[in-house]
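Step one of this worksheet: look at the structure below.
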Amino acid sequence: MKREEIKELTCKLVSNIMLVVLAGDLLYLYFVGAWYDPIAAIEVVEVIALIGLVPWGLIRIVKAVRETRRWAK
Numbered sequence: 053m054k055r056e057e058i059k060e061l062t063c064k065l066v067s068n069i070m071l072v073v074l075a076g077d078l079l080y081l082y083f084v085g086a087w088y089d090p091i092a093a094i095e096v097v098e099v100i101a102l103i104g105l106v107p108w109g110l111i112r113i114v115k116a117v118r119e120t121r122r123w124a125k
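Residue numbering for the sequence shown is 53 to 125, as defined by the numbering used here.
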């Protein structure tokens, strides 16, 4: 495995983990009442987007780990 490929996979993993953590953190703040938007429609769209980002990020993490394992062999 080339050094550039390792860097690319590492960046993918780190960015996907950050995506999941950030979305989860914002959802937590929303559900405990610390984060809200004065316009209800915008708030609904934001919450739906954040709920979608968590599984999407997890799927991307699994794909990156599988790709890393494939390269390691």
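Idealized CB from N, CA, C, for every residue including glycine.
To the nearest whole angstrom, what separates the beta carbons of residue i and residue j, a pair I think is in contact under 8 Å?
i: G109; j: L71; result: 4 Å
i: A75; j: V106; result: 5 Å
Work out the CA separation of residue j and residue i for me, nearest whole Å.
i: K59; j: V97; result: 34 Å
i: R121; j: L61; result: 11 Å
i: V84; j: E57; result: 41 Å
i: V73; j: A124; result: 27 Å
i: V117; j: S67; result: 13 Å
i: A101; j: I94; result: 11 Å
i: E119; j: K64; result: 11 Å
Discussion item. So within the stretch 75 to 122, which uninterrupted alpha helix (DSSP H) runs reach at least 4 residues, ignoring any that extend past its ends?
Written reply: For the stretch 75 to 122, not a single whole alpha helix (DSSP H) run of length 4 or above is found.
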